[in-house]
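Colleague:
In the numbering used here, the protein residues as written are 428 to 503.
#1: To test your reading of the DSSP string, which unbroken beta strand (DSSP E) runs of 3 or more residues are found completely within the stretch 438 to 495?
#2: From 446, 458, 438, pick the residue whose C-alpha is nearest to that of residue 477; which is it?
#3: Would you check if there are 3 or more beta carbon pairs closer than 8 Å linking the stretch 449 to 459 to the stretch 467 to 476?
#4: Please classify residue 444 as buried or exposed, where buried requires at least 16 neighbouring CB atoms within 10 angstroms.
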C-alpha cells in the first residue's frame with residue numbers, strides 16, 4: 428500500500444494505492460511524475476483518490492499539448 432501527495436490546478440490531494448494495484452505500479456511511483464491517475468474519489472474527511480490505474484505523463488505528451496494550433500483561423 429502506498430500514499431502519494433499529488434497536486435493539480437485545484438489544490439493538493441492524497442492518492443491511495445492498495446496492495447494489488449501497488450504490485451503493478453510500484454516502480455512507476457519511484458519517479459517524481461507527473462502522473463496520470465484513474466480512480467475513485469473518496470471525500471469522507473478529505474479528498475482522496477483510490478487509484479485503479481497509474482501512468483507517467485511523458486515529456487513528449489506535454490510538448491504536444493503545449494503546441495499551438497497549426498491552423499490560423501482569421502475570420503475577420
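Glycine included, each C-beta is placed from N, C-alpha and C at the ideal position. Note that the coordinates shown come from a computational prediction; the quantities given were computed from them, not determined experimentally.
Modeller: According to the structure data:
#1: Listed in chain order, they are 438 to 444, 462 to 469, 475 to 483.
#2: Sequence index remark: in the chain shown, residue 477 carries index 50 (1-based). Among 446, 458, 438, the Cα nearest to that of residue 477 is on 446.
#3: Look at the beta carbons and you see the stretch 449 to 459 not touching the stretch 467 to 476: under three pairs across the two are nearer than 8 Å.
#4: For the purposes of this step, residue 444 is taken as the residue at position 17 of the chain shown. With 16 or more Cβ atoms within 10 Å of its Cβ, residue 444 is classed as buried.
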